[in-house]
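Accompanying notes for the structure given below.
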Amino acid sequence: MIHLTRKGTRRWRGGHPWIFRTDVAQVAPTVVGGDLSVVLGHDGRALGVAAWSDRSEIAVRGTPIRSDEEPEAGWTRLVDEALDRRAGRPPCARLINGDSDGLPGLIVDRYGPGLSLQTLTQAADRRTEALIAHLCARFSPTTVVLRNDPKVRAHEGLPTEKRVVRGEPEVEASIGSLTLRFDLLEGQKTGGFLDQTDNRLAAASFLRGEVLDCFCYDGGFGLQLARAGADVTCVDSSGPALARLQANAARNALTVQTEEANVFDLLRAFERDGRAFDGVVLDPPAFAKSRKSADAGRRAYKEINLRALKLLRPGGRLVTCSCSAHMARADFERVVAEAAADAGRWVRVVERRGAAPDHPTLLGAPETDYLKTLFVEVS
Ligand code: SAH
301 MIHLTRKGTR
311 RWRGGHPWIF
321 RTDVAQVAPT
331 VVGGDLSVVL
341 GHDGRALGVA
351 AWSDRSEIAV
361 RGTPIRSDEE
371 PEAGWTRLVD
381 EALDRRAGRP
391 PCARLINGDS
401 DGLPGLIVDR
411 YGPGLSLQTL
421 TQAADRRTEA
431 LIAHLCARFS
441 PTTVVLRNDP
451 KVRAHEGLPT
461 EKRVVRGEPE
471 VEASIGSLTL
481 RFDLLEGQKT
491 GGFLDQTDNR
501 LAAASFLRGE
511 VLDCFCYDGG
521 FGLQLARAGA
531 DVTCVDSSGP
541 ALARLQANAA
551 RNALTVQTEE
561 ANVFDLLRAF
571 ERDGRAFDGV
581 VLDPPAFAKS
591 RKSADAGRRA
601 YKEINLRALK
611 LLRPGGRLVT
621 CSCSAHMARA
631 DFERVVAEAA
641 ADAGRWVRVV
651 ERRGAAPDHP
661 TLLGAPETDY
671 LKTLFVEVS
């Protein structure tokens with residue numbers, strides 16, 4: 301049993317699944333790190349079932365496991381329900397999205413025949429072996445990789461490691477009409493950024509003509525744009541990412557120009573040289589990684605949006621993203637509005653988008669709605 305304080309009880313009832321250690325009044329000595337335990341409010345009433353961490357400041361993470369259900373059976377039920385909900389998704393998709401699926405800290409991404417897993421809490425970590433057996437029985441993957449390299453695992457007292465559990469780390473899988481190669485061991489996150497899948501396909505029908513894909517990584521946006529007939533220049537500071545992009549372009553008989561550069565410098569240089577584009581994609585890394593870096597982050601977002609807007613021809617289109625959990629949607633939109641005002645451009649938002657539906661969010665935990673994407677027309 302985990303007993304919450306009055307404050308913890310209020311937070312739980314408010315719908316946020318994370319309860320801090322300071323809001324825990326008492327924990328039964330039989331409850332150990334990684335256990336699924338019944339949670340009681342300050343008045344002794346049962347609130348639900350949560351995963352317990354004996355290390356993290358976020359000590360309690362609520363789940364939808366029912367109080368009258370055997371907790372392990374509840375966890376397995378939630379795994380199966382999450383997998384069932386993805387039945388209609390394409391072969392590259394997130395199968396389990398942590399807290400949003402009621403499985404705190406558990407991430408499972410599918411790249412065609414490959415599965416890539418992350419366990420970021422003690423509860424998820426302890427159930428890894430059973431989960432892998434379950435996933436193998438259900439999907440018969442040729443490749444299974446454990447991507448437990450995120451530093452957040454240290455908060456849970458868990459070591460970081462990257463490991464191939466089965467098969468070869470490189471797999472081929474299709475996204476839209478492209479066949480792409482992913483490196484599940486060395487690629488970013490679990491091998492790529494699946495949260496943008498639907499936005500990339502939508503961007504491919506939104507943008508046309510000469511398009512600049514900034515922070516392109518391995519070409520998630522750029523290759524879909526090229527497939528749709530755009531004349532694409534992709535920019536990233538990572539040479540290896542651009543090499544992968546070119547290999548994937550060749551695999552699909554596409555021609556894409558790549559520039560290894562700092563986007564901030566390149567946008568200024570393009571402006572100086574009088575370059576112009578019909579479309580720009582801005583999908584940078586999280587500039588506001590924490591509350592402390594929020595102001596610097598805001599300035600960085602404003603800078604790239606301002607420069608990108610200046611490069612657009614009249615009638616041009618911008619796809620601009622922020623994946624900073626510490627920047628709310630309204631904040632991000634204000635920054636883009638300020639950039640438009642400073643650039644002297646009239647902008648119309650035609651679509652507000654977020655992460656793909658296989659990355660659901662929790663209304664009670666706004667930070668799970670981290671990915672904000674605007675589709676904008678510019679006069
Ligand atoms: N748009 C990509 C994901 C981008 S991830 C996709 O659709 O998959 C962010 C990328 O920005 C990384 O590849 C990183 O190498 C690159 N990056 C970070 N800072 C940069 C900078 N200042 N200039 C150019 N690239 C940068």
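The sequence shown begins at 301 in our numbering and counts up one residue at a time. Ideal placement from N, C-alpha and C gives every residue a C-beta, glycine not left out.
Assigned secondary structure, residue i (DSSP; H/G/I helix, E/B strand, else coil)
i, result
"aspartate 409", "strand"
"tryptophan 318", "strand"
"glycine 616", "strand"
"alanine 569", "helix"
"glutamate 486", "coil"
"glutamate 372", "helix"
"phenylalanine 632", "helix"
"alanine 387", "coil"
"aspartate 536", "strand"
"cysteine 516", "coil"
"valine 452", "helix"
"cysteine 623", "coil"
"arginine 447", "strand"
"leucine 403", "coil"
"alanine 393", "strand"
"phenylalanine 439", "helix"
"valine 580", "strand"
"valine 647", "strand"
"arginine 575", "coil"
"threonine 673", "strand"
"arginine 463", "strand"
"valine 331", "coil"
"arginine 685", "As displayed, the chain neither begins before 301 nor continues past 679, which places residue 685 out of reach and without an answer."
"histidine 659", "coil"
Residue i burial status per 10 Å Cβ neighbour count (16 or more: buried)
i, result
"methionine 627", "buried"
"glutamate 370", "exposed"
"aspartate 578", "buried"
"glutamine 326", "exposed"
"valine 535", "buried"
"threonine 443", "buried"
Beta carbon of residue i nearer than 8 Å to that of residue j
i, j, result
"cysteine 392", "arginine 366", "no"
"leucine 383", "leucine 415", "no"
"valine 379", "leucine 403", "yes"
"leucine 523", "asparagine 499", "no"
"valine 650", "phenylalanine 675", "yes"
"lysine 672", "glycine 644", "no"
"glycine 476", "leucine 484", "no"
"isoleucine 319", "alanine 351", "no"
"arginine 453", "leucine 420", "yes"
"valine 332", "isoleucine 302", "no"
"glycine 597", "serine 624", "yes"
"arginine 345", "proline 317", "no"
Whole-angstrom C-beta distance between residue j and residue i, which should lie under 8 Å
i, j, result
"isoleucine 604", "leucine 545", "Not really, about 20 Å apart at Cβ, beyond 8 Å."
"threonine 533", "glutamine 557", "4 Å"
"threonine 336", "leucine 304", "It should be pointed out that residue 336 corresponds to leucine in this sequence rather than to threonine. The pair is not a contact, with the Cβ atoms about 16 Å apart (cut-off 8 Å)."
"aspartate 518", "asparagine 548", "7 Å"
"aspartate 513", "phenylalanine 521", "5 Å"
"phenylalanine 506", "valine 647", "At roughly 14 Å, the Cβ-Cβ gap does not stay under 8 Å, so phenylalanine 506 and valine 647 are not in contact."
"proline 585", "phenylalanine 482", "Their Cβ separation, rounded to whole angstroms, is 19 Å, which puts proline 585 and phenylalanine 482 out of contact at 8 Å."
"arginine 427", "tryptophan 375", "7 Å"
Counterpart residues of residue i in DSSP-defined beta bridges
i, result
"glutamate 559", "Val535"
"alanine 503", "Answer is none; alanine 503 lacks a bridge partner."
"valine 349", "Val338, Thr363"
"alanine 473", "Leu480"
"isoleucine 358", "Phe320"
"glycine 492", "Lys489"
"alanine 541", "None, per the DSSP bridge assignment."
"glycine 414", "Tyr411, Thr443"
CB contact below 8 Å: residue i versus chain B
i, result
"arginine 377", "Structure shown: chain B not included; a single protein chain is present."
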